[in-house]
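Comments concern the structure below.
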Ligand SMILES: [Zn+2]
Ligand SMILES: [Zn+2]
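Residue numbers (this note's numbering): 9 to 123.
Written as structure tokens, this is what we have:
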């Protein structure tokens, strides 16, 4: 049986290391957050913060390298308030979420906004 230790608040998680159930839940919450109204947005982000263990984050994103064609496949999940996060595409008019690169990718191979 695993011993549960009190882990310090993390700043990054990884989509790949989530269970498939949690990956599904992550995708659903992100989809809902993307289309949520102002009152629904924060509770969804809070649920994502708990799900990913990023308890101090108010706003969460997965590295756009995961879905970008030509992306490096990075699956980092991170607090969007981290220094070094790069916006690769701004949100669509009816959506809340921009596409973001994690600080590591933003440093190593930043992508220009193609809008
Ligand atoms: Zn990344
Ligand atoms: Zn990358």
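All residues carry an ideal CB built from backbone N, CA and C; glycine is no exception. Fair warning: this is a prediction, and the values are worked out from it, not measured in the lab.
Burial state of residue 56 is buried, judged by a 10 Å Cβ sphere holding 16 or more other Cβ atoms.
DSSP, reduced to helix, strand and coil, places residue 108 within a strand of the structure shown.
Residue 37 has its alpha-carbon roughly 18 angstroms from the corresponding atom of residue 100. In the DSSP assignment, residue 41 falls within the unbroken alpha helix (DSSP H) covering 28-43. By the CB criterion at 8 angstroms, residue 52 and residue 65 fall outside the cutoff. Assigned with DSSP and collapsed to three states, residue 83 falls in coil, not helix or strand. Annotation for residue 109 indicates a beta carbon within 7 angstroms of some heavy atom of ligand 1. Following the DSSP letters along the chain, one finds residue 64 in no alpha helix (DSSP H), marked with neither H nor E. In this model, residue 81 and residue 24 are separated by some 10 angstroms (Cα to Cα).
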